[in-house]
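Q: Here it is, the structure in full.
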Amino acid sequence: MNITVTLNLLGIPSLNVLQSDMALSIAEKTTIADLIMLIDERNPGFKQAICDEVGNISKQFVFFINGRNIGYLDGVKTAISPDDVVNVIPAIAGG
1 MNITVTLNLL
11 GIPSLNVLQS
21 DMALSIAEKT
31 TIADLIMLID
41 ERNPGFKQAI
51 CDEVGNISKQ
61 FVFFINGRNI
71 GYLDGVKTAI
81 SPDDVVNVIP
91 AIAGG
């Protein structure tokens with residue numbers, strides 16, 4: 001069974017994706033890692049831009065599911081549920 005999630009790529013025009021906001025139909029039990037692979041299949045180079053050489057999300061980006069940072073959940077192994085909203089934003093730091 002497929003579920004629908006909303007993906008928002010906020011403030012990241014350099015990722016070369018066709019659209020920054022999209023609704024995706026994905027399989028149940030899809031993880032963030034699976035979602036990254038799915039987007040990369042549609043937009044080659046996405047994973048390389050988002051992930052480091054071992055497949056972890058680069059420190060330059062932060063993923064949120066329903067407003068919760070996946071770093072405090074299960075990281076890239078975090079499961080996505082029906083109607084979840086996934087936001088990807090550039091990490092911002094300053095002083």
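Using the UniProt record's numbering, you'd call the opening residue of the sequence shown number 1 and step up by one each time. For glycine and all other residues, C-beta sits at the position ideal for the given N, C-alpha and C.
Would you check if the distance between the CB atom of Phe-64 and the CB atom of Asn-87 is smaller than 7 Å?
A: Yes, the Cβ-Cβ distance between Phe-64 and Asn-87 is below 7 Å.
Q: State the start and end residues of the unbroken alpha helix (DSSP H) segment that holds Ala-23.
A: Looking at the DSSP string, Ala-23 is not in any alpha helix (DSSP H); the run it does join, the beta strand (DSSP E), is 21-27.
Q: Can you give, in chain order, each stretch of the beta strand (DSSP E) that sits fully within the stretch 40-84 and has at least 3 residues?
A: For the stretch 40-84, whole beta strand (DSSP E) runs of length 3 or above, ordered along the chain, are 61-65.
Q: Ile-89 to Asn-2, Cα distance in whole Å?
A: Near 26 Å, if we compare the C-alpha coordinates of Asn-2 and Ile-89.
Q: Quick one: measure Cβ to Cβ for Thr-4 and Asp-52, integer angstroms, because I've assumed they're closer than 8 Å.
A: Contact flag wrong, Cβ pair sits at about 29 Å.
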